[in-house]
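Enquirer: Sharing a structure here in structure tokens format.
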Amino acid sequence: MINRILVPALIGACVGLLILLIQQEGLFNSSSSQNPHTTRVESSNDTSFPAAQQEQLHPLGTASYADAVEASSPAVVNIYASRTVAQNTHPLLSDPKFRQFLGRFTLPQQQQKMQNSLGSGVFIGEEGYILTNRHVIQGAEQIAVALSDGRKSPATVIGTDPATDLAVLKVDLVDLPKIPLPLTDNSLRVGDIVLAIGNPFGFNQSVSIGIISALGRSNLGITTYENFIQTDAAINPGNSGGALINAKGELIGINTAVFNKGGEAQGIGFAIPVEVALLVMSDLIEYGRVNRGWLGVETIDLSPALASRFDIPYHSGILITKIFKDSPAHKAGLLPGDIITKIGGVPIASFRSASRQVAMVRPEDKVEIELTRLNNSLKTTLTASEHPNLTKQ
Numbered sequence: 001m002i003n004r005i006l007v008p009a010l011i012g013a014c015v016g017l018l019i020l021l022i023q024q025e026g027l028f029n030s031s032s033s034q035n036p037h038t039t040r041v042e043s044s045n046d047t048s049f050p051a052a053q054q055e056q057l058h059p060l061g062t063a064s065y066a067d068a069v070e071a072s073s074p075a076v077v078n079i080y081a082s083r084t085v086a087q088n089t090h091p092l093l094s095d096p097k098f099r100q101f102l103g104r105f106t107l108p109q110q111q112q113k114m115q116n117s118l119g120s121g122v123f124i125g126e127e128g129y130i131l132t133n134r135h136v137i138q139g140a141e142q143i144a145v146a147l148s149d150g151r152k153s154p155a156t157v158i159g160t161d162p163a164t165d166l167a168v169l170k171v172d173l174v175d176l177p178k179i180p181l182p183l184t185d186n187s188l189r190v191g192d193i194v195l196a197i198g199n200p201f202g203f204n205q206s207v208s209i210g211i212i213s214a215l216g217r218s219n220l221g222i223t224t225y226e227n228f229i230q231t232d233a234a235i236n237p238g239n240s241g242g243a244l245i246n247a248k249g250e251l252i253g254i255n256t257a258v259f260n261k262g263g264e265a266q267g268i269g270f271a272i273p274v275e276v277a278l279l280v281m282s283d284l285i286e287y288g289r290v291n292r293g294w295l296g297v298e299t300i301d302l303s304p305a306l307a308s309r310f311d312i313p314y315h316s317g318i319l320i321t322k323i324f325k326d327s328p329a330h331k332a333g334l335l336p337g338d339i340i341t342k343i344g345g346v347p348i349a350s351f352r353s354a355s356r357q358v359a360m361v362r363p364e365d366k367v368e369i370e371l372t373r374l375n376n377s378l379k380t381t382l383t384a385s386e387h388p389n390l391t392k393q
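So the sequence shown is numbered by the UniProt record's numbering: it starts at 1 and just counts up by one.
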């Protein structure tokens, strides 16, 4: 009776063991086979993800921008501007009964008060020149800068440019830091990582990170020549004049403004491109003003309504309304009614885009102009000159 029970049980156990061995053998064979169309996965204690998965899980990865900040932040300074402002005295002094009580005593309706403002600046080169925003030092009677190494110094104004809201200061110190500049063409792209360094609310050497949100922003009403880099890196009061750098620590812009419509907008800041800032700085140091080229035309945007009124085909461009006598445009044969479509090979869509392009032109530069006249496409080259209003200064 016992044998009848044990024998089938032993047979079943042997069959199960045999099946288990066959499965294990198949598993080992499949794991050791070389299949060129499959990816082999091995178990290990390494919990790292492939690079593509890391980017998906962590958009900024595990990268550090400490080297970029270390290379550029010593060249960013804090600027303290002081100015005297008139401040109304206590409202009680304007009350007739109170003044009658004072009798013959005459009290001032206003009193002078020293007002201080904060800003930032960037050392360019080793000669003590500092780039900043004009509005940071506008109206200042005294200007002082504080370096990251603890040194402080008074600063003198070399020149300002209201058209770009830039200013150049100078300090008389030695062993000054300088910020790295792009060695090659600074081809920025939307989505590039950027860092803003400055003195927001007095928190010196503060760094914020973001991306380039847009390039060539204009029609903002901030300056005359607008070609801003837009970024979502935090820019707050005191950041103006500070550095916007790329991931390599190179200066790509001067932080200028933050867009804040009714306190609702966030993450919209603007910086002046470094190539514009350096051009302005060079002129302010050499001439005390910006030496921009002049073509000698007055224009308006070409709208569909305007094109219909003058019975001309509508297309992107600006309509010449006036040619100044003996100007570069006059000498090149341009006429009122011509429609400028390109300046220096750059398409022109509006007066502001034309102004932005002309602002980069220097006196004596050769400028290629493409235009349409009576539905005919023309191309000419003129030699820019200095604006006559500047030559009289």
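The beta carbon of each residue, even a glycine, is placed where N, CA and C say it ideally should be.
#1: Got a sec? Which residues, its chain only, sit under 8 Å from E141 by beta carbon, not counting five neighbours each side?
#2: Would you mind sorting Q230 into buried or exposed? The rule is 16 or more other CB atoms within 10 Å of its CB.
#3: Does the CB of A234 have a neighbour CB from chain D at under 8 Å?
#4: Our contact map puts S206 next to L195 with C-beta atoms below 8 Å; I'd like the distance itself, whole angstroms only.
#5: Quick check on F250: buried or exposed, where buried means 16 or more other Cβ atoms within 10 Å of its Cβ?
#6: Classify L335 as buried or exposed, calling it buried when 16 or more other Cβ atoms lie within 10 Å of its own Cβ.
#7: Short of 6 Å in beta carbon distance, which residues of its chain neighbour A332, apart from the five on each side in sequence? Order them along the chain.
#8: Which whole-angstrom value describes the C-beta separation of A243 and I197, a residue pair presumed to lie in contact below a C-beta threshold of 8 Å?
#9: Quick one, are the C-beta atoms of L176 and V280 less than 8 Å apart?
#10: Out of curiosity, what's the CA-to-CA distance linking T224 and V174?
#11: Within 10 angstroms of the Cβ of E55, are there 16 or more other Cβ atoms? Answer buried if so, exposed if not.
#12: What does the Cβ neighbour count give for G216, buried or exposed, with the cut at 16 atoms within 10 Å?
#13: Tell me the DSSP secondary structure of A329 in three-state form.
#14: When we look at the beta-carbon of I300 and count the other beta-carbons within 10 Å, is it buried (16 or more) or exposed?
#15: Which partner residues does L118 have in the DSSP bridge list?
#16: Tell me where the beta strand (DSSP E) around Q142 begins and ends.
#17: Taking the alpha-carbon positions, what's the I369 to I254 distance?
#18: Beta-carbon within less than 8 Å of G317's beta-carbon, same chain only, minus the 5 sequence neighbours each way: which residues are those?
#19: Distance, Cα to Cα, F203 vs T164?
#20: Beta-carbon separation of W294 and S355 under 8 Å?
#21: For H387, I'd like the list of residues in its chain whose CB is within less than 6 Å of its CB, leaving aside the five on either flank, ordered along the chain.
#22: In the UniProt domain "PDZ" (284-375), which residue ranges form an unbroken alpha helix (DSSP H) of at least 4 residues, counting only runs that do not cross its ends?
#23: Are T132 and L169 closer than 8 Å when you measure CB to CB?
#24: In whole angstroms, what is the alpha-carbon distance linking L378 and D161?
#25: To the nearest angstrom, how far is it from the Cα of R151 to the Cα of V171?
#26: For the alpha helix (DSSP H) containing R134, name the first residue and the last one.
#27: Between I252 and V290, what straight-line distance do the alpha-carbon atoms span, to the nearest angstrom?
#28: Helix, strand or coil for residue 394? Go by DSSP, reduced to three states.
#29: Taking the alpha carbon of D311 as the point to measure from, which residue in T256, K248, N375, Q266 has its own alpha carbon closest?
#30: Just tell me which of P237, H330, L319, R309 has its CA closest to the CA of Y80.
#31: Measuring alpha carbon to alpha carbon, tell me which residue in T256, G267, D192 is nearest G119.
#32: Nearest to D192 by CA position, among R352, G221, K248, is which residue?
#33: In this structure, how does DSSP classify G198 when only helix, strand and coil are distinguished?
#34: Starting from V157, follow the beta strand (DSSP E) in both directions and report where the run begins and ends.
#35: May I ask you to report which of helix, strand or coil DSSP gives P180?
#36: With a threshold of 16 other CB atoms inside 10 Å of the CB of S64, please say whether the residue is buried or exposed.
Expert: Taking the structure as given:
#1: S82, R83, T84
#2: buried
#3: You won't find chain D in this structure, because it holds only one protein chain.
#4: S206 to L195, Cβ: 10 Å. No contact.
#5: One point to set straight first is that residue 250 is Glu, not Phe, in the sequence displayed. Answer is buried; the Cβ neighbour count reaches 16.
#6: Classification of L335: exposed, given that the 10 Å Cβ count is below 16.
#7: T380, L382
#8: 5 Å
#9: no
#10: 36 Å
#11: Note that E55 has pLDDT 38, beneath the 50 cutoff, so the model's placement of it is unreliable and no number is given.
#12: exposed
#13: helix
#14: exposed
#15: Y80
#16: 142-146
#17: 31 Å
#18: L302, I339, I340, T341, I348, A349, L371, T372
#19: Near 26 Å, if we compare the C-alpha coordinates of T164 and F203.
#20: no
#21: W294
#22: For the UniProt domain "PDZ" (284-375), whole alpha helix (DSSP H) runs of length 4 or above, ordered along the chain, are 304-309, 328-331, 351-359.
#23: Yes, the Cβ-Cβ distance between T132 and L169 is below 8 Å.
#24: Rounded to the nearest angstrom, the two C-alpha atoms are 35 Å apart.
#25: 11 Å
#26: It spans 134-137 - the alpha helix (DSSP H) in which R134 sits, taken as one unbroken run.
#27: 20 Å
#28: Outside the modelled stretch of the chain, which goes from 1 to 393, sits residue 394, for which no answer is possible.
#29: N375
#30: P237
#31: T256
#32: K248
#33: strand
#34: Unbroken beta strand (DSSP E) run through V157: 156-161.
#35: coil
#36: exposed
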